[in-house]
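Undergrad: Everything in the sequence shown is counted per our numbering, starting at 112 for the first residue and increasing by one.
Beta carbons are placed, not taken as given, at the ideal position from N, Cα and C, and that holds for glycine.
On a predicted model such as this, the values are computed, not experimentally measured, just so you know.
Sharing a structure below in structure tokens format, with a few things to ask.
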Amino acid sequence: MATRKQIATQSPGDALIEDLKSSLDQAEKLLREAADATGEKAADLRARALKALDQGREALSETQASLMEQGRKVAHDTDEYVQANPWKAVGIAGVAGLLLGALLSRR
């Protein structure tokens, strides 16, 4: 599983993918072992697999919360900028519209 230091240097999406891949790989391995095992060993392997899946679910939840917070911050900052500079915002939107229109009309 990715360490916290690795996660800090990765984007949230990359860290999420790595955590999920690791958790799913570990759970799959444990479930394959549990299929061949019997009794207490099988129960232990299934419990470990469920724990790995829970860790993946937790990583997904944490990343979702982080991305939602970043989205809210971007929306808030954009709103503040537009409120402080309405004509600049109109100009930027107009230029973006012209560029988009020019690109689309070429196709």
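Could you check whether LEU135 and ALA160 sit closer than 7 Å to each other, using their CB atoms as the reference points?
TA: Not a contact, by the Cβ cut-off of 7 Å.
Undergrad: Hey, how far is the Cα of GLN181 from the Cα of THR189?
TA: About 12 Å.
Undergrad: By the three-class DSSP mapping on this structure, what secondary structure does ASP149 have?
TA: Strictly speaking, residue 149 in this sequence is Thr, with Asp absent from that position. Note: THR149 maps to coil in three-state DSSP.
Undergrad: Closer than 8 Å by C-beta to LEU164: which residues in its own chain qualify, once you throw out the five before and the five after it? Chain order, please.
TA: Answer for LEU164: SER134, LEU135, ALA138, listed in chain order.
Undergrad: Whose CA, out of ARG218, ARG217, ASP130, lies closest to the CA of SER172?
TA: It is ASP130 whose Cα lies nearest to the Cα of SER172.
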